[in-house]
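Okay, so here's the structure we're looking at.
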Amino acid sequence: MQELETSTDVQMLDALPIWPDGALGPGGATQAEIQHQFGDSASNLVVRNVTRPTITPFLPEPSKATGAAVVIAPGGGFMMLSVNSEGTDVARWLASRGVAAFVLKYRLQSTPANSIAFRLHLVAALTGLSRFKGSELAQRLLSDNEAALEDAKQAVRLIRERAAQWRIDPTRVGALGFSAGAFAVSAALFADDRSARPDFAGLIYGGTVPEGAVPSKETSPCFVAVSNDDGLLFETSWDLALRLRSAGVPLEFHLYRRGGHGYGVNVQGMSSDHWIDQFYWWLQDLGVQRN
Numbered sequence: 126m127q128e129l130e131t132s133t134d135v136q137m138l139d140a141l142p143i144w145p146d147g148a149l150g151p152g153g154a155t156q157a158e159i160q161h162q163f164g165d166s167a168s169n170l171v172v173r174n175v176t177r178p179t180i181t182p183f184l185p186e187p188s189k190a191t192g193a194a195v196v197i198a199p200g201g202g203f204m205m206l207s208v209n210s211e212g213t214d215v216a217r218w219l220a221s222r223g224v225a226a227f228v229l230k231y232r233l234q235s236t237p238a239n240s241i242a243f244r245l246h247l248v249a250a251l252t253g254l255s256r257f258k259g260s261e262l263a264q265r266l267l268s269d270n271e272a273a274l275e276d277a278k279q280a281v282r283l284i285r286e287r288a289a290q291w292r293i294d295p296t297r298v299g300a301l302g303f304s305a306g307a308f309a310v311s312a313a314l315f316a317d318d319r320s321a322r323p324d325f326a327g328l329i330y331g332g333t334v335p336e337g338a339v340p341s342k343e344t345s346p347c348f349v350a351v352s353n354d355d356g357l358l359f360e361t362s363w364d365l366a367l368r369l370r371s372a373g374v375p376l377e378f379h380l381y382r383r384g385g386h387g388y389g390v391n392v393q394g395m396s397s398d399h400w401i402d403q404f405y406w407w408l409q410d411l412g413v414q415r416n
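Residue numbering for the sequence shown follows our numbering, starting at 126 and increasing by one per position.
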């Protein structure tokens, strides 16, 4: 497999709690966070049972830093986080090109500690969700995972608050979410609190317009990408793109011929491999990514 091209001139800092009081998830302090490999690839590292949300900063070399910043919200069905292909690998790629990146570890649903029991739990949960499609599925995901949505909003607020510390322009703080993470980003995009709204948003195979939200020409620019053969969230992404376009939201939409779901920056030899290049070019086109 081709390696994702990055630079070594990236500074990874220690993870920081996003809430001043160290917010805990539904499982409280008794729920132990678990990290393990998922699937056949050693690069598919996942984290489960997150109760203490954090951001991990990946900062560009000062000479390359442009002042732009992105919160990255990995996916995983709100039951786990794909921390490499939809998190740290993405962050390193962006930071190597001058964009400060912050990987968000948001609160998750409680899952069985035993790996076999977890897989059975995951299958059962996905089977239950398969009864829903499009906007109905999207609203169910939002209503069942409010803690994760609040974490995404708080991450945007925190980065703006500390913008000077990280040499970031507080008017160029965006968010990039994958699958479940895209739903968390959607909640931030339409947050009542303006300080929690990203200045631009990337929604990769996921995301929605939350119930009661009204997209308009004033909504932050959005980049939406999905593959035609995505068996999980194609309808949701398609519906999102149509609603944003109809409302006059500044939009770039990519529908790839194939790619499936959940690939992140894993290289599959398909045109969908290049979504991250197109996202970066979109940032340049917006004027967000500049020297």
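All C-beta atoms in this analysis are idealised placements derived from N, C-alpha and C, irrespective of residue type, glycine included.
| Check | Outcome |
| --- | --- |
| Hey, which unbroken runs of the beta strand (DSSP E) at 3 residues or more fall wholly within the stretch 225-289? | 225-230 |
| For residue 224, tell me which candidate among 288, 342, 303, 353 has the shortest Cα-Cα distance. | 288 |
| Counting only the same chain and skipping the five closest in sequence on each side, list residues whose C-beta sits under 7 Å from that of residue 403. | 379 |
| As a quick exercise: from 149, 189, 156, pick the residue whose alpha carbon is nearest that of residue 174. | 156 |
| What is the DSSP secondary structure of residue 427, reduced to helix, strand or coil? | In the structure displayed, the chain extends from 126 to 416; residue 427 sits before or after that span and is not available. |
| Along the chain, where does the beta strand (DSSP E) that runs through residue 415 open and close? | Here residue 415 belongs to no beta strand (DSSP E), and DSSP marks it neither H nor E. |
| Is residue 156 helix, strand or coil by DSSP? | coil |
| For residue 159, tell me which candidate among 147, 172, 149, 148 has the shortest Cα-Cα distance. | 172 |
| Go through its chain and collect everything with a Cβ distance to residue 219's Cβ below 7 Å, but skip five positions before and after it. | 195, 226 |
| Please report how far the alpha carbon of residue 290 lies from the alpha carbon of residue 198, in whole angstroms. | 22 Å |
| For the beta strand (DSSP E) containing residue 136, list its first residue and its last residue. | 135-137 |
| By DSSP, does residue 403 sit in helix, in strand, or in coil? | helix |
| Rounded to whole angstroms, what's the CA-CA distance from residue 340 to residue 357? Just pull it up for me. | 24 Å |
| Using the Cβ count rule (16 or more neighbours within 10 Å means buried), how would you classify residue 176? | buried |
| Identify which residue in 228, 385, 408 has its Cα closest to the Cα of residue 397. | 385 |
| Can you tell which of 260, 239, 235 has its C-alpha closest to the C-alpha of residue 250? | 235 |
| Helix, strand or coil: which one does DSSP assign to residue 408? | helix |
| Excluding the 5 residues preceding and the 5 following residue 366 in the sequence, name in chain order all residues of the same chain whose CB lies nearer than 6 Å to its CB. | 349, 378 |
| Are the CB atoms of residue 200 and residue 305 nearer to each other than 8 Å? | yes |
| Near residue 415, what residues of its chain come up, given a Cβ to Cβ distance below 7 Å and the 5 sequence neighbours on each side ignored? | 191 |
| For residue 401, count neighbouring C-beta atoms within 10 Å of its own C-beta (all shown protein chains included) and say buried if the count is 16 or more, exposed if not. | buried |
| So for residue 352, helix, strand or coil by DSSP? | strand |
| Taking the Cβ atom as the reference point for each residue, do residue 182 and residue 138 lie within a distance shorter than 8 Å? | yes |
| Using beta-carbon positions only, say whether residue 311 and residue 285 come within less than 8 Å of one another. | no |
| Could you compute how far the alpha carbon of residue 332 sits from the alpha carbon of residue 134? | 32 Å |
| Please classify residue 411 as buried or exposed, where buried requires at least 16 neighbouring CB atoms within 10 angstroms. | buried |
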